[in-house]
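What follows is a short report on a single structure.
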Amino acid sequence: MKLTNLEKYHDPLLYDAQNDTYTKDLSLIEEYAGLCHGPIIDLACGTGRSAVYLAERGHHIIGVDIHQGMLDRARKKAEAKNVKVDFHLQDATKLDLSVQSPFLFLIGNAFQHFLTNEEQDALLSGIHAHLEEEGIFLFGTRFLEKEDILGVKPYEASFTDHLGRKVTEVYEDIYHPLEQVLECVSQVIAIDGEKVQKEKETIRLRYVLPQEMKRLLEGHGFTILHAYSDWNKTPMHEKSKQMIYVCKKDSV
């Protein structure tokens, strides 16, 4: 089976069960959304967690994702809340919308899905082109930690899925230093205590170090306004687990 790095998103309902209650990023996103006049772009919007939240608060939202199933789920959630979001099925490295926005955000650590220098360049070039002059680009990604480099030996963890079942998975992480990519492998081994044999799922995540990120962003026409270690605006530090950037598109 050819890996597309989308295997973890095969079931949008299951994805929501694991991720839809996350709210830590919404306050900072809403802060910048409140300063905007015009459409806001939620890039790699997934099942619409943040897009629907902002639309409920009266913002004009454009949601973009590469996964049709995730977008279908997002549309249903918007319809259930009786809000309008303009959803588009697009590859973020080939972004082609007919608008420029004062604010574009990329959350859920989606930046790590762009595994090569070429993909990162295409992503940032597209974002730059779709922002108004001095528009704001906000995104988050994981800070590379010692544990990531060493890799994680197999361990088990459980969660409750959308059907109310207790699902137990086994996880293993392997870091590839030449690519700066963490390969995360998971497999469901039990449901409600009954052993099952599900296929393994793999997701590959690219890591970028702070000085590398600074050069990358500045090279694509952005000025870093803030670099945080969490969504509460804690300044980035050597023990950070996240890298949250607020950037401004440079004036010509």
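Numbering (the numbering used here), first residue to last: 396 to 647.
For each residue, glycine too, the CB sits at the ideal point set by N, CA and C.
Its Cα nearest to that of residue 519, the residue 488 stands out among 544, 488, 503.
Counted as a single uninterrupted DSSP element, the alpha helix (DSSP H) harbouring residue 541 occupies residues 541-545. Annotation: the continuous beta strand (DSSP E) that includes residue 527 extends over 526-537. Under the 8 Å Cβ criterion, the stretch 627-636 does not count as touching the stretch 606-617, having fewer than three qualifying pairs. Boundaries of the beta strand (DSSP E) around residue 638: 637-644. Fully enclosed alpha helix (DSSP H) runs of no fewer than 4 residues occupy 605-614 of the stretch 602-630, in order along the chain.
Approximately 7 Å separates the beta-carbon atoms of residue 447 and residue 480; this is inside 8 Å, confirming the contact.
Residue pairing from DSSP places residue 483 in a beta bridge opposite 459. Taking the Cα positions, residue 425 is about 13 Å away from residue 532.
Segment contact: the stretch 426-445 against the stretch 495-511, three or more CB-CB distances shorter than 8 Å; contact assigned. The closest CA to that of residue 647, considering only 529, 467, 585, 630, is found on 529.
According to the DSSP assignment, residue 449 belongs to the alpha helix (DSSP H) that extends over 444-451.
For residue 407, no beta strand (DSSP E) encloses it; the enclosing alpha helix (DSSP H) starts and ends at 407-414.
When the alpha-carbon of residue 628 is set against those of 415, 449, 422, 411, the nearest one is in 422. The shortest CA-to-CA distance from residue 552 to any of 543, 400, 558, 562 is the one to 562. Check the Cα spacing between residue 640 and each of 409, 410, 401, 427: the tightest is with 427.
Closest option to residue 538, judged by alpha-carbon separation, among 401, 632, 618, 556: 632. Taking the Cα of residue 477 as reference, the smallest distance to any Cα among 464, 623, 469 is reached at 469. Scanning its chain for C-beta atoms nearer than 6 Å, with the 5 sequence neighbours on each side dropped, one finds around residue 527 the residues 495, 497, in chain order.
In the same chain as residue 547, and ignoring 5 residues on each side of it, the C-beta atoms closer than 6 Å to its own belong to 568, in chain order. DSSP places residue 594 in the coil class of the three-state scheme, outside both helix and strand. Following the DSSP letters along the chain, one finds residue 501 in no alpha helix (DSSP H) but inside the beta strand (DSSP E) bounded by residues 496-501. In the structure shown, residue 523 adopts helical secondary structure according to DSSP, grouped into three states. In the displayed model, residue 577 falls within a strand according to three-state DSSP. Of the other Cβ atoms in all chains shown, 16 or more fall within 10 Å of the Cβ of residue 509; this residue is therefore buried.
DSSP lists 580 as the bridge partner or partners of residue 567. Of 560, 515, 507, 549, the smallest CA-CA separation from residue 535 is found for 507.
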